[in-house]
Amino acid sequence: MSSAEPTPDQVTRADRLSAAEIADVLTLARAAGDTDGADPFDEHTLLRLRDPEAPAVHLVARADDGTLTGYAHLDTTDPGAGVGVELVVRPGHRRRGTGRALARGALAAATGPLRAWAHGDHPSAAALAVDLGFARARVLWQLRRSLTAPLAEPALPDGVTVRAFRPGVDDDAWLALNARAFAEHPEQGRWTADDLRVRLAEPWFDAAGFLLAVEESSGLLLGFHWTKVHERPGSARIGEVYVLGVDPAAHRGGLGRVLTAAGLAYLRDQRGLDRVMLYVDESNGPAVALYQRLGFLPWSAHVNYHRD
Numbered sequence: 004m005s006s007a008e009p010t011p012d013q014v015t016r017a018d019r020l021s022a023a024e025i026a027d028v029l030t031l032a033r034a035a036g037d038t039d040g041a042d043p044f045d046e047h048t049l050l051r052l053r054d055p056e057a058p059a060v061h062l063v064a065r066a067d068d069g070t071l072t073g074y075a076h077l078d079t080t081d082p083g084a085g086v087g088v089e090l091v092v093r094p095g096h097r098r099r100g101t102g103r104a105l106a107r108g109a110l111a112a113a114t115g116p117l118r119a120w121a122h123g124d125h126p127s128a129a130a131l132a133v134d135l136g137f138a139r140a141r142v143l144w145q146l147r148r149s150l151t152a153p154l155a156e157p158a159l160p161d162g163v164t165v166r167a168f169r170p171g172v173d174d175d176a177w178l179a180l181n182a183r184a185f186a187e188h189p190e191q192g193r194w195t196a197d198d199l200r201v202r203l204a205e206p207w208f209d210a211a212g213f214l215l216a217v218e219e220s221s222g223l224l225l226g227f228h229w230t231k232v233h234e235r236p237g238s239a240r241i242g243e244v245y246v247l248g249v250d251p252a253a254h255r256g257g258l259g260r261v262l263t264a265a266g267l268a269y270l271r272d273q274r275g276l277d278r279v280m281l282y283v284d285e286s287n288g289p290a291v292a293l294y295q296r297l298g299f300l301p302w303s304a305h306v307n308y309h310r311d
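Going left to right, the sequence shown walks through residues 4 to 311 as my numbering numbers them.
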C-alpha cells in the first residue's frame with residue numbers, strides 16, 4: 004500500500020516581516036545555499052530583505068510546529084518590467100509540494116509579468132518552471148579563475164591613470180559612467196544614488212578595491228573595476244569582479260583588459276586571495292570571450308524564467 008502524498012506546509016502572505024522573521028529567512032537561505040552550492044537569493048533581494056521599509060510581498064511557508072520551511076520574495080517596485088520572484092525551500096522539507104505552493108502563491112499575488120531566478124539552474128526549478136508555464140529567458144554564468152596562475156600585465160593607454168574610488172566625491176560621476184556603460188543592461192544600468200549608497204554602506208565595501216580609470220588631462224572617468232570579497236564562516240574567502248565597465252567612447256582601447264588585470268592583482272596581492280569569480284550574461288559574447296582569454300572558466304549557471 005503506497006503512502007499518502009505529503010501535504011505542503013501552509014503558506015501565508017505578508018507585506019512586512021519582523022526582525023526575527025527576517026533573521027529566520029536569512030538562516031534558511033544560508034542552509035539552502037550550503038546544500039545546493041548556490042545561494043537562493045541575489046544581492047538585490049538580500050538588500051531589500053534586510054530593509055524592513057522596502058516594499059515587497061513576502062510569502063512564508065511554515066510547518067505545523069512553526070518551523071520556517073520555505074519563503075518567496077516578490078519585488079514589486081517596477082511592475083512595468085515585471086515582478087521579480089525568488090524562492091527557497093528548506094533542505095529536508097523538499098519534495099512535499101511547498102515550492103509549488105509558494106510559486107502558485109507568487110502567481111496569485113503578482114499583478115503583472117513575472118521574472119523568476121533559479122540560482123544554480125537546479126533541475127527541480129526547471130521542472131517547476133515548465134509545469135507553471137514559465138519560459139527560460141536569460142542565463143547568467145558564474146565564471147571562476149585561480150589567482151595563483153600568472154596574471155596578464157597589460158599597459159595602460161597613454162594619458163590614463165588608475166586610482167581608487169572616493170566615496171562622496173566620485174558618486175555622481177560614477178553613476179553617470181555606469182549608466183553609459185550598461186545602457187542596455189536590464190538591472191545594472193538603472194542604478195540610482197540610493198542603490199550606490201546602500202552598497203557603499205555594506206560591511207564588505209572596500210574603496211581601495213574600487214578602481215577607476217581616469218583621463219589625466221580632464222579627470223574624466225573612463226572605466227572602472229569594482230571588486231568584492233566574499234567571507235562566510237566555514238567557507239573559503241573568494242574575490243569577485245563585482246562590476247566592470249568601460250565608457251562606450253573608450254571601447255577598443257584595451258581598457259577593460261587593463262582594469263580586469265588590475266583588480267585581480269589587487270585581490271591577490273592586497274587581499275591575499277587565491278581565487279576569484281564573476282557573473283556575465285551568456286548572451287554577452289564579447290565579455291565572455293574577454294574573460295575566457297583571461298583564464299576564467301564556467302562554474303555554474305543562473306537562469307531567469309519569464310511568464311507574461
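Each residue gets a CB set at the ideal place from its N, CA and C atoms; glycine is no exception.
On a Cα-Cα basis, can you pick out the residue from the options that is closest to residue i?
i           : options               : result
residue 105 : 118, 170 and 89       : 89
residue 212 : 201, 227, 219 and 200 : 227
residue 148 : 289, 302 and 57       : 302
residue 41  : 243, 214, 121 and 95  : 121
residue 282 : 304, 39 and 162       : 304
residue 195 : 205, 230 and 176      : 176
residue 309 : 201, 188 and 131      : 131
residue 139 : 128, 145 and 146      : 128
residue 21  : 277, 55 and 311       : 55
residue 236 : 34, 286, 277 and 143  : 34
residue 311 : 136, 15 and 275       : 136
Give the DSSP-derived three-state secondary structure of residue i in the structure shown.
i           : result
residue 272 : helix
residue 303 : strand
residue 16  : strand
residue 5   : Bear in mind that a pLDDT of 40 at residue 5, under 50, signals an unreliable position, so the number given afterwards is only what the model happens to contain. Looking at residue 5 - three-state DSSP - the assignment turns out to be coil, as it is neither helix nor strand.
residue 42  : coil
residue 228 : strand
residue 294 : helix
residue 121 : strand
residue 161 : coil
residue 71  : strand
residue 188 : coil
residue 154 : coil
residue 133 : helix
residue 61  : strand
residue 109 : helix
residue 204 : coil
residue 23  : helix
residue 11  : coil
residue 28  : helix
Which one or two residues does DSSP pair with residue i in a beta bridge?
i           : result
residue 284 : 143
residue 86  : 117
residue 243 : 231 and 280
residue 261 : Partner(s): none; residue 261 has no beta bridge.
residue 213 : 229
residue 218 : 163
residue 76  : 61 and 89
residue 149 : 278
residue 310 : 117
residue 249 : 226
residue 138 : 309
Can you tell me the Cβ-Cβ gap for residue i and residue j, rounded? I've got them flagged as a contact below 8 Å.
i           : j           : result
residue 293 : residue 240 : Not quite, the Cβ-Cβ distance comes to about 25 Å (not below 8 Å), so this is no contact.
residue 244 : residue 279 : 7 Å
residue 284 : residue 141 : 7 Å
residue 66  : residue 79  : 27 Å between Cβ atoms; not a contact.
residue 101 : residue 75  : That pair is no contact at about 10 Å.
Check whether the stretch 107 to 126 and the stretch 69 to 86 touch, using three or more Cβ-Cβ pairs below 8 Å as the test.
Inter-segment contact for the stretch 107 to 126 and the stretch 69 to 86 is present: three or more beta-carbon pairs are separated by less than 8 Å.
Three or more beta-carbon pairs under 8 Å between the stretch 63 to 74 and the stretch 23 to 35, yes or no?
As far as the Cβ criterion goes, the stretch 63 to 74 touches the stretch 23 to 35, which means the pair count is three or higher.
Between the stretch 176 to 183 and the stretch 213 to 224, can you find at least three pairs of beta-carbon atoms closer than 8 Å?
yes
Kindly confirm or deny that the stretch 248 to 268 and the stretch 151 to 166 touch, where touching means at least three C-beta pairs closer than 8 Å.
yes
Does the contact criterion of 3 or more C-beta pairs under 8 Å hold for the stretch 197 to 206 versus the stretch 247 to 255?
Touching, no.
Counting pairs of beta carbons, one from the stretch 165 to 175 and one from the stretch 230 to 237, are three or more of them closer than 8 Å?
no
Kindly confirm or deny that the stretch 95 to 102 and the stretch 43 to 55 touch, where touching means at least three C-beta pairs closer than 8 Å.
no
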